[in-house]
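The numbering of the sequence shown is our numbering, which starts it at 290 and goes up by one. Positions of the beta carbon are idealized from the N, C-alpha and C atoms, including for glycine. Reading through the structure tokens given below for one structure.
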Amino acid sequence: MKKILSLFILLWLPVVAVWSAEAGAAERDTLQISLDEFIQRGIENADQIDFERKKIQLAELDVAKAKDQRFLPKIELSTQHGLIPGVESDSTLPNGRKLPKDEFYLDPNLENNWEDWAIFTRAEVQAIQPIFTWGAIDNAIKAARAGAQAAREEFSRQKADARLRLFELYYSHIMIMEVERLLDNASSQIEKIEEKIDELEKDKDSELDQSDIYKFRVYKSRFKIRAAEVKMEGSFVRRTWDEVLQTSDSVTFEPSDRFLDPIPAKIREVQYYKRHALDSRNEIQRIEAGIRAAKYGMEAQRAQALPSLFLGLTASYANTPNRPRQDNPFIINNTNYASAGFGLAIRQNLNINGILNEVEKREVQYQQARSLKKAAKEGIAIEINEKYKQASLSKVKMEYTDEALLTSKKWLRQEQLDYDLGMGEVKDLIESLKNKLELEVDMKRRIYQFNKDMAELYHTAGIPLMNIQDGS
């Protein structure tokens, strides 16, 4: 029982807000919640899960960004605006007519007209469309998709971890409720024995040994310490529940399951869990996605060492009402014109050493990811062996504790019967009662530990925790 507090801290919340809610506890409505509902609400309220969900969104945006490289990856628009004066010409043609405005470029004495102002507007568009890149764009898209898959697998792993923590927190509440009921019942039995001891102390003919009385009172003091510990642990668990479920001050939740029973799941052969883990663990799926991302990224980097074919597009337009447009195709008035063009271009990165170094780096990352997969498989096998051993041992301890508890109940009934018939001794009755109470509490702890170890075994094997309830 003393380990429960540290267990909760490690498994769920590092810091739990402590507030004084006992004064209004009687006014709070108590609602029951099932295990599935508790896990669902806990995941919805978990900030870590929301953080991992945002990672998926970022990864999906990287995929969209990579796809955007297929069509007009570079398109720029620039505009300029301002006030400029008009122009005037005093030149005349041989026939005496004034020089037409579309031929003002022929006048070497053309002057600004400072009395004629207008707004100048110019817009320029430049775009590049890749035509052939040796698969660089396609591989970049595949790498981004693999990265997004890795993010989804990590999200699933975080959710599975959260489900395990919530599963253990749910059953810890049931265990606390069970132990509290046991201690309440034990307290009444201890009070009855104390009354009998008080009667025997007053009886001068009693053969009650004084050392037995001291032992009983020491046990009673230790019992009160245990009861106080359980009470404080129960308060901690309930506050943790309120924090996980984000309940209001007027509502409190408790498990709909009132009794702590062993889960019906059976322990199979260890190879079953190893095979399932290698096929289903999110860590393996995430690493495999990382391997694909490294491979495609390496291929995309290699393609950058080869020349790529692009189509260039450009268009420009300027308009100023007080400036005439020149019709001569070799003469352009930069304040009033329109033009467009396109052509093919070859782009070649000449920093070959830099490209080769980057390719080598990607190759190392690819080999590193493959080595990580091998290491992960070895680590999972070791973890499965450890969790399997713990679950098997917990089952044995639970079964033998249950067997001892049945024997202790028989022992207590026999001592009570002997004492009522005047053939038993108080010290034997006390000893049998102590043994039964300790085994009852120990039995609840054994059941909780078995359920916890089985849940960890399922989690390590990548088996959904929902399967543990129906024994599949």
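query, result
"What are the boundary residues of the alpha helix (DSSP H) that Ile573 is part of?", "Asn571 to Ala592"
"Can you round the beta-carbon distance between Leu728 and Ala693 to whole angstroms, since I take them to be within the 8 angstroms contact cut?", "6 angstroms"
"Where does the unbroken alpha helix (DSSP H) through Phe512 begin, and where does it stop?", "Gln499 to Leu534"
"Mapping DSSP to helix, strand and coil, what is Phe619?", "coil"
"Flag this pair as touching only if the segment 440–449 and the segment 571–582 have three or more C-beta atom pairs under 8 angstroms; answer yes or no.", "yes"
"Hey, quick one: how far does the alpha helix (DSSP H) through Gln415 stretch, first residue to last?", "Here Gln415 belongs to no alpha helix (DSSP H); instead the beta strand (DSSP E) covers Glu400 to Phe421."
"Please report the distance separating the alpha-carbon of Ile502 from that of Val685.", "36 angstroms"
"State buried or exposed for Asn474, treating a residue as buried only when at least 16 other CB atoms are found within 10 Å of its CB.", "exposed"
"Going straight from the alpha carbon of Leu746 to that of Glu672, what length do you get?", "9 angstroms"
"Look at the Cβ atom of Asp391, then the Cβ atom of Pro610, and state whether they are nearer than 7 angstroms.", "no"
"Check whether the Cβ atoms of Tyr459 and Leu324 sit closer than 7 angstroms, and answer yes or no.", "yes"
"Helix, strand or coil: how does DSSP classify Thr624 here?", "coil"
"Could you give the uninterrupted runs of the beta strand (DSSP E) lying entirely in the segment 328–390, keeping only those of 3 residues or more?", "363–377"
"For Ser628, I'd like the list of residues in its chain whose CB is within less than 6 angstroms of its CB, leaving aside the five on either flank, ordered along the chain.", "Ser605"
"From His565 to Ile332, what distance separates their C-alpha atoms?", "24 angstroms"
"Do Leu350 and Ser378 have their C-beta atoms within less than 7 angstroms of each other?", "no"
"Within 10 Å of its beta-carbon, does His370 have 16 or more other beta-carbons around it, so buried, or fewer, so exposed?", "exposed"
"To the nearest angstrom, report how far apart Pro374 and Ala634 are at their CA atoms.", "39 angstroms"
"Should Asp487 be labelled buried (16 or more other beta-carbon atoms within 10 Å of its own) or exposed?", "exposed"
"Are the beta-carbon atoms belonging to Ala665 and Ile736 less than 7 angstroms from one another?", "no"
"With a cut-off of 8 angstroms, do at least 3 Cβ pairs link the segment 428–435 to the segment 514–522?", "no"
"Measuring CB to CB, does Ser380 end up less than 7 angstroms from Asp396?", "yes"
"Have a look at the DSSP bridge pairing and note the partners of Gln321.", "Glu543"
"Please state whether DSSP places Leu602 in a helix, a strand or coil.", "strand"
"Once you ignore the five residues that flank Lys662 on each side, which residues in its own chain have a CB closer than 6 angstroms to its CB?", "Ile576"
"So the alpha helix (DSSP H) Tyr668 belongs to, where does it begin and stop?", "Checking the sequence, you will find Gly at residue 668 rather than Tyr. Ile641 to Asp709 is the extent of the alpha helix (DSSP H) around Gly668."
"In whole angstroms, give me the CA-to-CA distance for Asp731 and Gln346.", "47 angstroms"
"Going by DSSP, what residue range makes up the alpha helix (DSSP H) through Asp742?", "Val715 to Thr749"
"Comparing C-alpha positions only, which one of Ile482, Gln358 and Gly523 sits nearest to Lys814?", "Because the chain is modelled from 290 through 761, residue 814 falls outside the range shown and cannot be assessed."
"For Ser537, which three-state DSSP category applies?", "coil"
"Tell me which residues share the same chain as Glu652 and place their Cβ nearer than 7 angstroms to its Cβ, disregarding the 5 neighbours each side in the sequence.", "Met587"
"Quick one: is Thr749 buried, meaning 16 or more other Cβ sit within 10 Å of its Cβ, or exposed?", "buried"
"Do the CB positions of Ala412 and Arg581 come within less than 7 angstroms of each other?", "no"
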